[in-house]
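Numbering-wise, this note's numbering puts 561 at position 71 of the sequence shown, and it's gapless, one number per residue. C-beta atoms are modelled at their ideal positions from N, C-alpha and C, and glycine is treated no differently. Because the structure is a prediction, the values reported are computed rather than measured.
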Amino acid sequence: MANTPVSIPRPLVRTNQWSIVLSVLASWLTGEAWILAIPLLAGIMGLLFGYNPIMRAAKLFLRKNPADYIPEDWEQQQFNQVIAVACLALGLISFLLGWTAAGYVFTAMVALSAFVAILGFCIGCLIRFQLNQYKYRKSYKA
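And the structure:
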């Protein structure tokens, strides 16, 4: 029996990405840093428990069978989520400590990369690919 790759329907991934972008924009416009905790906690829950409440809620609105949508690789999405959680956490902590410039830098990075991913280019995928290439080259030379 072959192992089938685990995937996530693209609309669920897009919903998660939009939640990041909109939360960052809302926190910037209102000055309320706690708004960043929404995608941050959802991302942490997804990483630790495999349950992202934002994606679970979005799943209720899928019109087709989840397998009928374009699949996104689960492992790649976990890698991307680690980066997003780190940037959101660092941004939130920075804002709470009064380090406004650092808060804007970290939240801008995560919002920009999520928005660019919505448009079709995955920065996390590029990072993971380059990391895997580096590991391969390093093991090949050894």
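What is the rounded straight-line gap between the Cα of Y594 and the Cα of K625?
The sequence position of residue 594 within the sequence shown is 104, counting from 1. The sequence position of residue 625 within the sequence shown is 135, counting from 1. Answer to the nearest angstrom: the Cα atoms are 32 Å apart.
Over what stretch of residues does the beta strand (DSSP E) that includes I498 continue unbroken?
Position 8 of the sequence shown, counting from 1, holds the residue named residue 498. S497 to P499 is the span of the beta strand (DSSP E), which, as asked, contains I498.
Residue burial classification, Q571 (beta-carbon count within 10 angstroms, cutoff 16):
Position 81 of the sequence shown holds residue 571. By the neighbour-count rule (16 or more Cβ atoms within 10 Å), Q571 is buried.
Short of 6 Å in beta carbon distance, which residues of its chain neighbour L531, apart from the five on each side in sequence? Order them along the chain.
The sequence position of residue 531 within the sequence shown is 41, counting from 1. Nothing meets the Cβ criterion.
Decide yes or no for the touch test of the region 538-551 against the region 601-619: beta carbon pairs closer than 8 Å, at least 3 of them.
no
Do G533 and V575 have their C-beta atoms closer together than 8 Å?
As a first step, residue 533 must be located in the sequence shown, where it is residue number 43. As a first step, residue 575 must be located in the sequence shown, where it is residue number 85. For G533 and V575, yes; Cβs fall inside 8 Å.
Cut-off 7 Å between Cβ atoms - residues of its own chain near L582, not counting five sequence neighbours on either side
Here the question's residue 582 lines up with position 92 in the sequence shown. Excluding positions up to five away in sequence, the list reads A523, L526, A527 and L530.
Ends of the alpha helix (DSSP H) at E522?
On the sequence shown, position 32 is the one that residue 522 refers to. Element bounds for E522: n/a, residue is neither H nor E.
Nearest by alpha-carbon distance to W460: which of G610, A601 and K628 is it?
For residue 460 there is no data in the structure shown, the boundaries of the chain being 491 and 632.
So what does E562 bridge to, in DSSP terms?
In the sequence shown, the residue the question calls residue 562 occupies position 72. Paired residue(s): I498.
Output yes or no for whether 8 Å exceeds the beta carbon distance between W564 and I510.
Taking the sequence shown and counting its residues from 1, the one referred to as residue 564 is at position 74. Taking the sequence shown and counting its residues from 1, the one referred to as residue 510 is at position 20. Not a contact, by the Cβ cut-off of 8 Å.
So, for P561: in the same chain, excluding its five sequence neighbours on each side, which residues have a beta-carbon less than 6 Å away from its beta-carbon?
Residue mapping note: residue 561 aligns to position 71 of the sequence shown, counting from 1. S497.
Please name the residue, chosen from I608, L621 and F619, that lies closest to T505 on a Cα-to-Cα basis.
Taking the first residue of the sequence shown as 1, we reach residue 505 at position 15. It is I608 whose Cα lies nearest to the Cα of T505.
Let me confirm a value: F619 is counted as buried when at least 16 other C-beta atoms fall within 10 Å, else exposed. Which label applies?
Counting from one through the sequence shown, the residue named residue 619 turns up at place 129. With fewer than 16 Cβ atoms within 10 Å of its Cβ, F619 is classed as exposed.
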